[in-house]
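Below is one structure, written out as structure tokens; the observations come after it.
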Amino acid sequence: MSALPPAAYAALYAGFHTPLTALDCGERCAPYNEHGVPFCCDTRHAVPSAYQDEWEYLRLHSDLWHLWKGQAPHETEQLIAQSAPGQVLIECQGHRLCQRNFRAITCRSFPFFPYITRQGEFIGLSYYWEYEQRCWVISHLTTVTAQYRDEFMRAYEQIFAAHPEDKENFRYHASMMRRVFSRWKRPILLLHRHGGFYEVTPRSGEMRPLDPADLPKFGPYAIAAGLAFPDEE
Numbered sequence: 412m413s414a415l416p417p418a419a420y421a422a423l424y425a426g427f428h429t430p431l432t433a434l435d436c437g438e439r440c441a442p443y444n445e446h447g448v449p450f451c452c453d454t455r456h457a458v459p460s461a462y463q464d465e466w467e468y469l470r471l472h473s474d475l476w477h478l479w480k481g482q483a484p485h486e487t488e489q490l491i492a493q494s495a496p497g498q499v500l501i502e503c504q505g506h507r508l509c510q511r512n513f514r515a516i517t518c519r520s521f522p523f524f525p526y527i528t529r530q531g532e533f534i535g536l537s538y539y540w541e542y543e544q545r546c547w548v549i550s551h552l553t554t555v556t557a558q559y560r561d562e563f564m565r566a567y568e569q570i571f572a573a574h575p576e577d578k579e580n581f582r583y584h585a586s587m588m589r590r591v592f593s594r595w596k597r598p599i600l601l602l603h604r605h606g607g608f609y610e611v612t613p614r615s616g617e618m619r620p621l622d623p624a625d626l627p628k629f630g631p632y633a634i635a636a637g638l639a640f641p642d643e644e
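For what it's worth, the working numbering labels the leading residue of the sequence shown as 412, then goes sequentially.
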């Protein structure tokens, strides 16, 4: 297996540094978390992972991270067993102590993952659907900047060149998404690598352009959008 040397992560991070949106999305979702923490920064909801070589870089250059340990031994063992080979589960000191230059790739990419077609083509970004009800960005995809999208694509192309097995992992994840959304009879939402939003039909893979005004909202964000003061969403 090829790999990025730990030192290469400085350049990789520098090229994938643009915030998702011009807003602080963590401030938008935190009020909906009973713990008052952005969902993506709360390991009770999402546990970050890092490539082994990435972890070596973070361990040597920052005191932000430590290896994650769950509240219960069985929880730790279960999540570790589900982790991709060559990756470790990590936890930071908390969102208020974030060192943005040393955010892991999973932090920079959340809530998105590289969407790989059945044919193995990396065509854009889709999101981890289990966070639809929690993540503010998923209900506000139009706020994702073009620069972020471009940096996401370039970063994962570098990662796939170094970790080709990871592209297969995401290809499998996309196939699971197609299976789930086919059962739900729902299209998959895609941020295409060349811009624009698309609906992907899970069974056929057919793509149709989607008017941004028709992008759905979920959970509390759908309720907030219907209130008299939608700016509060």
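No residue lacks a Cβ here, since even glycine has one placed at the ideal position from N, Cα and C. None of the values given here were measured: they were computed from a predicted structure.
Beta strand (DSSP E) containing residue i: first to last residue?
i           : result
glycine 630 : No beta strand (DSSP E) contains glycine 630, which is instead part of the alpha helix (DSSP H) from 630-636.
leucine 500 : 498-503
Quick check: the Cα distance between residue i and residue j, rounded to an integer number of angstroms?
i              : j                 : result
alanine 418    : tyrosine 468      : 6 angstroms
methionine 412 : arginine 582      : Here methionine 412 scores only 39 on pLDDT, less than 50, and its place in the model is too uncertain to base an answer on.
aspartate 577  : tyrosine 462      : 10 angstroms
proline 623    : threonine 556     : 13 angstroms
leucine 478    : serine 586        : 30 angstroms
threonine 432  : lysine 596        : 30 angstroms
tryptophan 466 : arginine 439      : 29 angstroms
arginine 590   : tyrosine 526      : 14 angstroms
tyrosine 539   : phenylalanine 524 : 7 angstroms
tyrosine 632   : glycine 616       : 28 angstroms
histidine 551  : lysine 480        : 32 angstroms
glutamine 530  : phenylalanine 592 : 19 angstroms
isoleucine 501 : threonine 553     : 30 angstroms
methionine 618 : aspartate 625     : 15 angstroms
leucine 600    : serine 537        : 6 angstroms
histidine 574  : tyrosine 542      : 26 angstroms
asparagine 444 : phenylalanine 450 : 7 angstroms
leucine 415    : isoleucine 634    : 44 angstroms
proline 430    : tyrosine 609      : 22 angstroms
threonine 454  : glutamine 558     : 28 angstroms
alanine 422    : alanine 572       : 15 angstroms
Please classify residue i: does DSSP put it in a helix, a strand, or coil?
i              : result
methionine 412 : Reliability of the predicted coordinates at methionine 412 is poor, the pLDDT of 39 falling under 50, and the value obtained from them is presented with this limitation in mind. Coil, per DSSP.
glycine 535    : strand
serine 520     : helix
glutamine 463  : helix
proline 525    : strand
asparagine 444 : coil
arginine 545   : coil
histidine 428  : coil
alanine 557    : helix
alanine 515    : coil
leucine 423    : helix
serine 473     : coil
glycine 437    : helix
cysteine 451   : helix
histidine 456  : coil
histidine 506  : helix
Hey, could you find the ends of the alpha helix (DSSP H) residue i is sitting in?
i           : result
leucine 478 : Counting along the chain, leucine 478 falls outside any alpha helix (DSSP H), though it belongs to the beta strand (DSSP E) covering 476-478.
Closest Cβ-Cβ distance between residue i and chain C: below 8 angstroms?
i             : result
threonine 432 : The question asks about chain C, but that chain is absent: this structure has only one protein chain.
Cβ contact (3+ pairs, closer than 8 angstroms) linking the segment 499-518 and the segment 470-484:
yes
Complete alpha helix (DSSP H) runs within the segment 567-629 (minimum length 4 residues, chain order)
For the segment 567-629, whole alpha helix (DSSP H) runs of length 4 or above, ordered along the chain, are 575-595.
Evaluate contact between the segment 516-532 and the segment 446-465, counting only Cβ atoms and requiring at least three cross-stretch pairs below 8 angstroms.
yes
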